[in-house]
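Colleague: Protein chains in written order, with my numbering: chain A, 1 to 82; chain B, 83 to 164; chain C, 165 to 246; chain D, 247 to 328. Note that the Cβ used here is the ideal one computed from N, Cα and C, for glycine as well. Below you will find the structure I want to go over with you.
Number of protein chains: 4
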Amino acid sequence: MKYKATVTIKLKKGVLNPEGRTIKRALEFLGYEVEDVNTYKMIDLILNGESEEEVYKKVEEMCQKLLANPVIHDYRIKVERL
Amino acid sequence: MKYKATVTIKLKKGVLNPEGRTIKRALEFLGYEVEDVNTYKMIDLILNGESEEEVYKKVEEMCQKLLANPVIHDYRIKVERL
Amino acid sequence: MKYKATVTIKLKKGVLNPEGRTIKRALEFLGYEVEDVNTYKMIDLILNGESEEEVYKKVEEMCQKLLANPVIHDYRIKVERL
Amino acid sequence: MKYKATVTIKLKKGVLNPEGRTIKRALEFLGYEVEDVNTYKMIDLILNGESEEEVYKKVEEMCQKLLANPVIHDYRIKVERL
Chain A
1 MKYKATVTIK LKKGVLNPEG RTIKRALEFL GYEVEDVNTY KMIDLILNGE
51 SEEEVYKKVE EMCQKLLANP VIHDYRIKVE RL
Chain B
83 MKYKATVTIK LKKGVLNPEG RTIKRALEFL GYEVEDVNTY KMIDLILNGE
133 SEEEVYKKVE EMCQKLLANP VIHDYRIKVE RL
Chain C
165 MKYKATVTIK LKKGVLNPEG RTIKRALEFL GYEVEDVNTY KMIDLILNGE
215 SEEEVYKKVE EMCQKLLANP VIHDYRIKVE RL
Chain D
247 MKYKATVTIK LKKGVLNPEG RTIKRALEFL GYEVEDVNTY KMIDLILNGE
297 SEEEVYKKVE EMCQKLLANP VIHDYRIKVE RL
């Protein structure tokens, strides 16, 4: 069965995000009032698997071995069957 | 009223994403079979507004003036009231 | 022999860089006058090879097969012996 | 007088760089042997100033106020007169 896994990789709470801060200041320069800006990254994976649980575990391994830095990043995984 | 707007910025269909390709190859090196990998960027904005429509329009302007390159990026905006 | 190859990956001239534009506006908001801002990415590779020419060719292949999108990116490679 | 300031923003030594790790694995999948891969970001600024020292100080302020996260990033600034 085919699945789509979506990985959200954010800086951990409390880790300053210079990109979000820069966007906020730039929007203010253009005259927009914005209370908060945060940026993060998404990775969509299409892969085969036997169940949502099995795919979730595999993608969790991928995050640990490759995609995220656990010291500064939080990641969240969403799996849906296609 | 306070709103959260989430902007998704992706490379347009047909524009090669070297980062997705690199992640796919790296996962294959680690022994994972993956059919497709795509990466994209998200921006969360917290801002005040009068209605969902008004916030949507304001954020669309921000994308055009600042956040996206319309030649290579597609963007999608989701607004929710907080 | 060991070499360090440095790959510079920039958006091609004429391809709008929203990140540079955002930084420019943010700096202006903070009171700095800046004429132009550009951002780009660097990749340092440490690898063995037989000559600078051979390493250069190998890294050029890596750019074509993996690291850059030739439609939107220019890349430059610098090789030095360690 | 006009100056070009180049800011190099790297993850601090000891902070794992998932992007470099991913590129290394992907190159290995394609059959290349690479000892180490590191990625980092550059920002070129064109701006007016009175001296190299004055421009350096201004750009250092920009890094502190906007461009870098001092907890995870090291930055280096190079100034040259145009």
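(1) Just mark residue 153 of chain B as buried or exposed, buried being the case when its beta carbon has 16 or more other beta carbons within 10 Å.
(2) Among D:278, D:292, D:285 and D:283, which residue has its Cα nearest to the Cα of residue 202 of chain C?
(3) What residue range is occupied by the uninterrupted alpha helix (DSSP H) comprising residue 57 of chain A?
(4) Using a Cβ distance threshold of 8 angstroms, determine whether the stretch 226-244 of chain C contacts the stretch 285-305 of chain D, with at least three qualifying pairs required.
(5) Taking C-beta pairs closer than 8 angstroms, name the residues in chain D that residue 203 of chain C reaches, listed in chain order.
(6) For a cutoff of 9 angstroms on Cβ pairs, would you count residue 115 of chain B as touching chain D?
(7) Based on Cα-Cα distance, which residue from B:83, B:114, B:87 and B:163 lies nearest to residue 124 of chain B?
(8) Count the other C-beta atoms from every protein chain shown that fall within 10 angstroms of the C-beta of residue 277 of chain D, then say buried if there are 16 or more, exposed otherwise.
(9) DSSP state of residue 162 of chain B, grouped into three classes?
(10) For residue 25 of chain A versus residue 189 of chain C, is the C-beta spacing smaller than 9 angstroms?
(11) Residue 125 of chain B lies in the beta strand (DSSP E); which residues open and close that run?
(12) For residue 270 of chain D, name the three-state secondary structure that DSSP assigns.
(13) Please decide whether residue 25 of chain A counts as near chain D, where near means a Cβ-Cβ distance under 9 angstroms.
(14) In the structure shown, what three-state DSSP assignment does residue 194 of chain C receive?
(15) Whole angstroms is fine: what's the gap from residue 161 of chain B's alpha carbon to residue 130 of chain B's?
(16) Leaving out the 5 sequence neighbours to the left and right, which residues in its chain are closer than 8 angstroms to residue 15 of chain A when beta-carbon positions are compared?
(17) Could you tell me the boundaries of the beta strand (DSSP E) in which residue 169 of chain C lies?
(18) Which residue wins for smallest C-alpha separation from residue 115 of chain B, given the options A:68, A:3 and A:64?
Modeller: With the structure as the only source:
(1) exposed
(2) D:292
(3) 52-62
(4) no
(5) 287, 288, 289 and 290
(6) no
(7) B:87
(8) exposed
(9) strand
(10) yes
(11) 118-130
(12) helix
(13) yes
(14) coil
(15) 11 angstroms
(16) 72
(17) 166-175
(18) A:3
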